[in-house]
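Residue numbers (my numbering), protein chains in the order written: chain U, 27 to 250; chain A, 5 to 471. Everything on this sheet refers to the single structure shown next.
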Ligand SMILES: Nc1nc2c(ncn2[C@@H]2O[C@H](COP(=O)(O)OP(=O)(O)OP(=O)(O)O)[C@@H](O)[C@H]2O)c(=O)[nH]1
Ligand SMILES: [Mg+2]
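The structure is reproduced here in structure tokens:
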């Protein structure tokens, strides 16, 4: 996180991590399309021809709080392909929270595990404690066949340290819930570490209320 | 915390300065086309206050006013104010005393102000008369001239001015976005390459250090081998010496039984000594401390010496020796003692593994040896094949199974544990032969058909004078 006291501005970095093709970019696309233009900036994608992310995608979200504090949330995706590990590690630098996008398909269980181990290793290499940073897990592609069932996910959720979300990113289902969960957990951690309420007079609850209000689509066409 | 480092901003995907992502040239050409389309002057200024583009034509009205003292003063004041105005979020329309206006539009990127552009001065089409502030600005003003110049000012309706400013804002922000995208891509590209390189370099270092460790261990092993065999040899030499003395009757006459037992003791002790010497050789070879002499060695002489040495054993086993030296066989280049050792080892084996009444063929002839890469790319740059002597040792013995062929040059390997019993030896011979051949920059190959026999082919470099 970057704090600019003079400008009363916070910049928070959130990273969407996960195996190749799990739907990280799709999550950002859906947020960009569901979110309001007053909060969401342009989605920047740096991808190869086949829709594979090469460096990262970035979506800036700006929340100007009634308290005068401006919070810039920067959402990043990493390239999931194994060979881009160096880039993944770079994108992960200085992150404040991680949404791990898992692929619900049974066939992808190994890829999910592999990628999660890779996340832990890369966090450590970036001197970020994997046990300290907020991580949430989204099981995406709930619309596909031969996936882990809802009952299985419930069992998983019971013994999981990380909160579990379900989504169909391509249709936008569950994407905003995931994002709100990620922001809430990350803010709670930042509050613990930096006493934001004391410094900027904004409580976690107030912040989340404002985030939800800013992100919620007002009916009518987009201005931009 | 305004002194954020560039690295942190890049990590956050932020733009530090407008001019980092927008080239002056592209901004200027956008402004030029804006000017030629709408006739409105435009200037782009960064958040830090630097002028990035400036496209305008001097207005006759402004030129005229600048000839008047008070006019010039007022003009400079307005321009100064306009330059320093930084709108937060909303466009500011700043009036000039001439009745013209300046439109100052903020440029914002990812929630941060990054610069602004100024459109004007222009006269809103709604204003038809020059204002009093123009005509009273200077005592010396010529009203008619001022009004004439006022008429020539660029004119546009306010709502149109707003629309085209919004359009320009959109174009500039799009340029900014793609410039930023390109900047991030190239930064990431370089950073990723660097990161990959760092990772590889670290791994290489780790590999190298474990290689060094292995080498040290290997060295330790060789030293150990050499020391142990040396230490074993001294007492054994004494045993052999005393046995010989006993045999020669130095300690009194021997019964037939005693003589026979002593004979067995001595032959076993000799065998043991041979084995220990081989160990010592192997140790030296592996420690690379074996100094090879290099001189011309005549193949005829080498083979006849060999035959002389091996004949008694061959006769005892009723094995025939067939020694052939090809007419054009060149001289070998190497260490005569070691070359005999190579041949003796192979020939001794051949005799040992031949059946009664079999034949061992030992042949020397001219050949060549391939230098590495001789047939590959850039062959011209690598020395091609060079003359060599090919030594073939062929027996008609039991042969070696295919799966064992690759292992026979390993130290301590014996093809069939059972054969050790019958023929003696600890499998060191071939490993020493291989190392000696390697030491001569030669090569050794083996082919075998179980039940029919084995053929060793040793190719060794020829001496230059014979080439
Ligand atoms: N059926 C279905 N397909 C999905 C869903 N989410 C993503 N996909 C598809 O999965 C493919 C990969 O999605 P992306 O979002 O590009 O995956 P990614 O994680 O960004 O992949 P990398 O950039 O290579 O790491 C695309 O063809 C998407 O259309 C989903 O919820 N359901
Ligand atoms: Mg992607």
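Just so it is clear, CB atoms sit at the ideal spot from N, CA and C, and this is done for glycine as well. Note that the structure is predicted; figures quoted are calculated from it, not measured.
Contact test: residue i Cβ vs ligand 1 heavy atom, cutoff 7 Å
i                      : result
residue 111 of chain U : no
residue 44 of chain U  : yes
residue 192 of chain A : no
residue 117 of chain U : no
residue 127 of chain U : yes
residue 442 of chain A : no
residue 48 of chain U  : yes
residue 169 of chain U : yes
residue 195 of chain U : yes
residue 475 of chain A : The structure shown does not extend to residue 475 of chain A, since chain A is modelled only from 5 to 471, so the question has no answer here.
residue 166 of chain U : yes
Among the options, nearest to residue i - alpha-carbon criterion
i                      : options                       : result
residue 64 of chain U  : A/47, A/112, A/69 and A/41    : A/112
residue 178 of chain A : A/337, A/30, A/345 and A/451  : A/30
residue 145 of chain A : A/334, A/406, A/238 and A/76  : A/76
residue 300 of chain A : A/325, A/339 and A/56         : A/339
residue 346 of chain A : A/295, A/439, A/333 and A/255 : A/439
residue 97 of chain U  : U/40, U/103 and U/111         : U/40
residue 95 of chain A  : A/102, A/108 and A/85         : A/108
residue 193 of chain U : U/231, U/36 and U/56          : U/56
residue 371 of chain A : A/322, A/342, A/335 and A/348 : A/335
residue 99 of chain U  : A/79, A/40, A/89 and A/16     : A/16
residue 444 of chain A : A/304, A/466 and A/402        : A/466
residue 296 of chain A : A/68, A/285, A/20 and A/302   : A/285
residue 102 of chain U : U/183, U/150 and U/37         : U/37
residue 273 of chain A : A/106, A/258, A/176 and A/236 : A/236
residue 140 of chain A : A/210, A/78, A/407 and A/282  : A/78
residue 18 of chain A  : A/329, A/115, A/156 and A/172 : A/115
residue 449 of chain A : A/321, A/46 and A/410         : A/410
residue 325 of chain A : A/255, A/341, A/399 and A/256 : A/399
residue 73 of chain A  : A/143, A/98, A/176 and A/91   : A/143
residue 43 of chain A  : A/412, A/150, A/125 and A/225 : A/125
residue 91 of chain A  : A/452, A/118 and A/435        : A/118
Ligand 3 heavy atom lying under 7 Å from the CB of residue i
i                      : result
residue 190 of chain U : In the structure shown, ligand 3 is absent; the only ligands present are ligand 1 and ligand 2.
Could you list the residues in the stretch 194-205 of chain A with a C-beta less than 7 Å from some C-beta on chain U, going in chain order?
195, 196, 199, 200 and 203
Tell me whether the stretch 148-168 of chain U and the stretch 123-139 of chain U touch, counting them as touching only if at least three CB pairs, one residue from each stretch, are closer than 8 Å.
yes
Inspect the CB distances between the stretch 60-76 of chain U and the stretch 125-135 of chain U and report whether three or more fall short of 8 Å.
no
Using a Cβ distance threshold of 8 Å, determine whether the stretch 183-191 of chain A contacts the stretch 62-69 of chain A, with at least three qualifying pairs required.
no
May I ask you to list, following chain order, the residues of the stretch 98-116 of chain A that have a beta carbon less than 7 Å from some beta carbon of chain U?
114 and 115
Using a Cβ cut-off of 7 Å, which residues of the stretch 141-154 of chain U contact any Cβ in chain A, in chain order?
none
If contact is defined by three or more beta carbon pairs under 8 Å, each pair taking one atom from either stretch, is the stretch 195-208 of chain U in contact with the stretch 164-178 of chain U?
yes
May I have all residues whose beta carbon comes closer than 7 Å to any heavy atom of ligand 2, sorted in chain order?
U/50, U/51, U/73, U/78, U/79, U/83, U/103, U/105 and U/106
Check whether the stretch 260-273 of chain A touches the stretch 304-312 of chain A, taking contact to mean three or more Cβ pairs, one atom from each stretch, closer than 8 Å.
no
Can we say the stretch 144-152 of chain U touches the stretch 82-92 of chain U, given the rule of at least three CB pairs closer than 8 Å?
no
Does the pairing of the stretch 277-284 of chain A with the stretch 314-322 of chain A give three or more beta-carbon distances under 8 Å?
no
Listed from N- to C-terminal order along the chain, which residues in the stretch 41-72 of chain U have their beta-carbon within a distance smaller than 9 Å of any beta-carbon of chain A?
67, 68, 70, 71 and 72
Contact list for the stretch 106-132 of chain U against chain A, Cβ threshold 7 Å:
112, 113, 115, 116, 119 and 120
At a cut of 8 Å, does the stretch 351-359 of chain A reach the stretch 439-449 of chain A through at least three beta carbon pairs?
no
Would you check if the stretch 117-130 of chain A and the stretch 158-172 of chain A touch, i.e. whether three or more CB-CB distances between them fall below 8 Å?
yes
Under 8 Å, CB to CB, which of the residues in the stretch 176-189 of chain A have a partner in chain U?
181, 184, 185, 188 and 189
Any 3 or more C-beta pairs closer than 8 Å across the stretch 226-241 of chain U and the stretch 84-95 of chain U:
yes
With 7 Å as the C-beta to C-beta threshold (strictly closer), list the residues of the stretch 208-229 of chain U near chain A in chain order.
none
Compile a chain-ordered list of the residues in the stretch 13-34 of chain A whose CB is closer than 8 Å to at least one CB of chain U.
15, 16, 17 and 18
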